[in-house]
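Visitor: Remember, the working numbering sits 1217 above the position in the sequence shown when you count from 1.
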Amino acid sequence: PDHDFAKASNYPAISISIYKNGKPVYYSMSEYGPNDATFNRDRVSLRVGDNTLEGFIDDNDMLVYAIRLDETLPSGDHISGIMRFISPKPNPELWSKLKSSSSSSAHSWNLVQPVAQVKGVLSVRTGDNHEKPIVFDGVGYHDHNIGREPMKNEFKYWYWGRIHFNDYSLVYYVMNTKNGQEAMAWIISADNQSVIEEASNVRIDGVNVNGFGLSSARRLEIQFSDFQILVQCRQIIDNGPFYMRFKSEARIQRAGETDELSFGISEYIRPSRIHRRIFWPLVHMRYRFAAHKPHWVQRSRFFYRWTW
């Protein structure tokens, strides 16, 4: 086989999901041709279609990632605007520690901005509605995943989540790999400089099954040295045959009492299901392939939103 054919640079794509009160207001998963994307090896700069990302250190010695979006879907829905993710530069010791504890020879996870201040304005047009500006000023998160082989070769399933509290953030994962189950969780300081606590004692339960037969746990208990965090996957905001995304609730508990309550995002993926042909018609409805005409469902505002 031609291994060059599977290069990521041959299949540039962008996925955008925007939710309000747990409900999607914009969604896209669009592939572009190789000539519609550019990547700069000398600095953090890339373009996919009319969407760009730039990374740099600003005049205040802060790490900044600026994302510009400009995309029109076959249905006519449109999004444009800019978002800036701003944070102190990560402590190299923290960065290397997180990377080394969650990487294999074929897959690696790069936690660039565990906590970032995010500011920006997005304009969204759906259906016959006028452009609706969305002003955002809050807390964000930015990471990368890199793979040199299909995920199914390494993972049976993968839970991941991040939740921001007042003074720190929780990041966790539970992976069932070919070498057995691995779990890690970190309490990371708001300035991205240190791990306040870490834990490998993560228990999952409350397994439920969605309409596609995908089973996933809806409750995770993470035990730290003198407290635990209970994560409840309360609301499904992305629901499919191999992937689910949740709006989650997290409670910090000490001696049975709740210290703090917050909300965030949790995810679950079972990669082997991506390769099951029975689900491919659903993928074609949702994913816009660069080499094919858009699926008729994608050209319909009503039906494409139904795939959410």
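Here a beta-carbon is modelled for each residue, glycine too, at the ideal position from N, C-alpha and C.
Computed from a predicted structure; not experimentally measured.
Is the beta carbon of P1305 sitting closer than 8 Å to the one on Q1410?
Guide: In this structure, Q1410 lies closer than 8 Å to P1305 by Cβ.
Visitor: Taking the beta carbon of I1413 as the centre, do at least 16 other beta carbons fall within 10 Å, making it buried, or is it exposed?
Guide: With fewer than 16 other Cβ atoms within 10 Å, it is exposed.
Visitor: Identify whether A1230 lies in helix, strand or coil by the three-state DSSP scheme.
Guide: The answer is strand: DSSP assigns A1230 an E or B state.
Visitor: If you drop the 5 nearest sequence neighbours on each side, which residues of the same chain put their C-beta closer than 8 Å to that of S1232?
Guide: Cβ within range, chain order: S1245, M1246 and S1247.
Visitor: Can you tell me whether H1509 is helix, strand or coil according to DSSP?
Guide: Three-state result, H1509: coil.
Visitor: With 16 as the cutoff for other CB atoms within 10 Å, does D1294 come out buried or exposed?
Guide: Under this definition D1294 is a buried residue.
Visitor: Pick helix, strand or coil for N1383, following the three-state DSSP scheme.
Guide: N1383: coil per DSSP, three-state reduction.
Visitor: So the beta strand (DSSP E) M1246 belongs to, where does it begin and stop?
Guide: Looking at the DSSP string, the run of the beta strand (DSSP E) that includes M1246 is K1240 to E1248.
Visitor: Note the first and the last residue of the continuous beta strand (DSSP E) segment covering Y1358.
Guide: K1349 to G1364 is the span of the beta strand (DSSP E), which, as asked, contains Y1358.
Visitor: Count Cβ pairs between the stretch 1369-1382 and the stretch 1392-1399 that sit closer than 8 Å; are there 3 or more?
Guide: Flag = yes, the stretch 1369-1382 and the stretch 1392-1399 touch.
Visitor: Do you know offhand how far N1257's Cα is from L1263's?
Guide: Rounded to whole angstroms, N1257 to L1263 spans 6 Å at the Cα level.
Visitor: Measure the Cβ-Cβ separation of G1357 and V1448 and say whether it is below 8 Å.
Guide: Contact: no.
Visitor: On the three-pair Cβ rule with 8 Å, is the stretch 1335-1354 touching the stretch 1415-1425?
Guide: Cβ pair count under 8 Å is below three, so no.
Visitor: Using three-state DSSP, classify L1290 as helix, strand or coil.
Guide: Coil at L1290, not helix or strand.
Visitor: For a test of the three-state rule: what should DSSP assign to D1422, helix, strand or coil?
Guide: Of the three classes helix, strand and coil, the one that applies to D1422 here is strand, per DSSP.
Visitor: According to DSSP, what are the bridge partners of A1434?
Guide: A1434 pairs with V1424.
Visitor: Could you tell me the boundaries of the beta strand (DSSP E) in which Y1460 lies?
Guide: It spans Y1460 to R1471 - the beta strand (DSSP E) in which Y1460 sits, taken as one unbroken run.
Visitor: Taking only three categories from DSSP, how would you classify E1371?
Guide: Residue state, collapsed to three classes: coil.
Visitor: Mind the definition here: the stretch 1378-1387 touches the stretch 1480-1490 only if three or more C-beta pairs lie below 8 Å; say whether that holds.
Guide: Yes: the two stretches touch, three or more of their Cβ pairs being nearer than 8 Å.
Visitor: Taking three-plus beta-carbon pairs below 8 Å as touching, is the stretch 1331-1340 in contact with the stretch 1501-1512?
Guide: No, because fewer than three Cβ pairs between the stretch 1331-1340 and the stretch 1501-1512 fall closer than 8 Å, the two stretches do not touch.
Visitor: Could you pull out every residue in the same chain whose Cβ sits closer than 7 Å to the Cβ of R1462, ignoring the five residues on either side in sequence?
Guide: Contacts found: I1454, D1455, I1482 and E1484.
Visitor: Name the DSSP beta bridge partners of L1328, please?
Guide: According to DSSP, which records beta bridges pairwise, L1328 is partnered with D1360.
Visitor: Can you tell me which of the three DSSP states V1500 falls into?
Guide: Reduced to three states, the DSSP call for V1500 is helix.
Visitor: In angstroms with no decimal places, state the Cα-to-Cα distance between V1181 and A1230.
Guide: No answer is possible for residue 1181: the residues shown for the chain start at 1218 and end at 1525.
Visitor: For the candidate residues V1242, N1238 and N1227, whose alpha-carbon lies nearest to that of D1253?
Guide: The shortest C-alpha separation from D1253 is found at N1227.
Visitor: As a quick exercise: from V1388, R1516 and I1486, pick the residue whose alpha carbon is nearest that of M1401.
Guide: Measuring from the Cα of M1401, the nearest candidate turns out to be V1388.
Visitor: Of all the options S1432, A1472, P1241 and F1429, which has the alpha carbon lying nearest to the alpha carbon of K1443?
Guide: First, the amino acid is wrong: residue 1443 is Asp here, not Lys. Closest option to D1443, Cα to Cα, is A1472.
Visitor: Please tell me whether N1427 and R1435 are closer than 8 Å, where the distance is taken between their beta carbons.
Guide: No, Cβ-Cβ distance for N1427 and R1435 is not below 8 Å.
Visitor: Could you pull the start and end residues of the beta strand (DSSP E) that F1302 belongs to?
Guide: H1295 to P1305 is the span of the beta strand (DSSP E), which, as asked, contains F1302.
Visitor: Which residue's Cα is closest to the Cα of F1302: R1260, D1275 and N1327?
Guide: Of R1260, D1275 and N1327, the residue nearest in Cα terms is D1275.
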